[in-house]
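In this note's numbering, the protein residues as written are 90 to 257. Built from N, CA and C at the ideal position, the CB exists for glycine as well. This structure is a prediction, so every number in the text was calculated from the model and none was measured.
1) From the DSSP output, in three-state form, read off residue 208 for me.
2) Comparing C-alpha positions only, which one of 196, 120 and 153 sits nearest to residue 207?
3) Would you list the residues sitting across from residue 175 in a DSSP beta bridge?
4) To the nearest angstrom, how far is it from the Cα of residue 145 to the Cα of residue 228?
5) Count the CB pairs spanning the region 125-133 and the region 150-170 that are closer than 8 Å, and state whether there are at least three.
6) Would residue 212 pass as a contact of residue 233 if the rule is Cβ separation under 7 Å?
7) Closest to residue 161 by CA distance: which of 215, 174, 182 and 137 is it?
8) Using 8 Å as the threshold, is the region 168-177 in touch with the region 186-193, meaning 3 or more CB pairs across them?
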């Protein structure tokens, strides 16, 4: 269970079918314990990230993306620079100051690729919160659509994403 203060996450909770239904990281794991076996998509962002805002305004407003996310994924928006300690899958994660800014250790553990964390980063977890893959950088509609279908179809079990993408 997570101790993330929902107010600090600045999540837009939506009941409209025209918006992504965002939830918190703690709620995503709680849902899994009650039988929800959807993949968890974590959108790691920061308040200052221009590409994060562009992805919110463009990619995450696409009707097809919204439909896939709302039907087949539990979607979490997580501010990577949140100073609020987080409890996730039995482990405590705190904010760590690095350089001029810093990041919550959960964001670093989930989103780091090759030892580096960039924003935005899309992370796919299984329903139990185990990391399957992180996809750093801005994702346009076509690319995010392919990522979502890669997991929804089960193709991730038999090939890597590049193979899947080249076969589409």
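From the atom records:
1) Numbered from 1 along the chain shown, position 119 holds the residue referred to as residue 208. Three-state DSSP puts residue 208 in coil, outside helix and strand.
2) Taking the chain shown and counting its residues from 1, one reaches residue 207 at position 118. Minimum Cα distance to residue 207 is reached at 196.
3) Position 86 of the chain shown, counted from the start, is the residue given in the question as residue 175. BP columns for residue 175 point to 182.
4) Translated into positions along the chain shown, residue 145 becomes position 56. Translated into positions along the chain shown, residue 228 becomes position 139. In a straight line, the C-alpha of residue 145 is about 10 Å away from that of residue 228.
5) Yes: at least three Cβ pairs fall under 8 Å.
6) Position 123 of the chain shown, counted from the start, is the residue given in the question as residue 212. Position 144 of the chain shown, counted from the start, is the residue given in the question as residue 233. Contact: no.
7) Sequence index remark: in the chain shown, residue 161 carries index 72 (1-based). Ranking the options by Cα distance to residue 161, first place goes to 215.
8) Taking a cut-off of 8 Å on C-beta distances, the region 168-177 touches the region 186-193, as three or more cross pairs fall below it.
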